[in-house]
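Engineer:
Numbering (UniProt numbering), first residue to last: 1 to 97.
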């Protein structure tokens, strides 16, 4: 469950709950504001009594070189979708084995 608590920068700060596994959910509007997508890498650090998250790598950047060029260059959105499709296909194939 999320609660807006105050305005911080472009997105209102949110309150979220830590699960039994130590996981939290980054709210959709925060992910959108920071262009965070499934598979992106996020660094977690402690700053005093705060937890700081920083996006350090994108699944698009990590997989871009593995896609064969079969035509004109793709837009960032097309590349992101192609990478997500390739990752999903790989996961499905691994599950079948």
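Beta carbons are placed, not taken as given, at the ideal position from N, Cα and C, and that holds for glycine.
Assign residue 34 to one of three DSSP states: helix, strand, or coil.
Structural biologist: Three-state DSSP puts residue 34 in coil, outside helix and strand.
Engineer: Which residues in the same chain have their Cβ closer than 6 Å to the Cβ of residue 25, if we skip the five residues on either side of it in sequence?
Structural biologist: Cβ neighbours of residue 25 beyond the five flanking positions: 16.
Engineer: By DSSP, does residue 86 sit in helix, in strand, or in coil?
Structural biologist: Helix.
Engineer: Would you mind stating whether residue 30 and residue 43 have Cβ atoms separated by less than 8 Å?
Structural biologist: No, these two residues do not count as a Cβ contact at 8 Å.
Engineer: Count the other CB atoms within 10 Å of the CB of residue 98; is the residue buried (16 or more) or exposed (fewer)?
Structural biologist: In the structure as shown, the chain begins at 1 and stops at 97. Residue 98 is therefore absent and cannot be evaluated.
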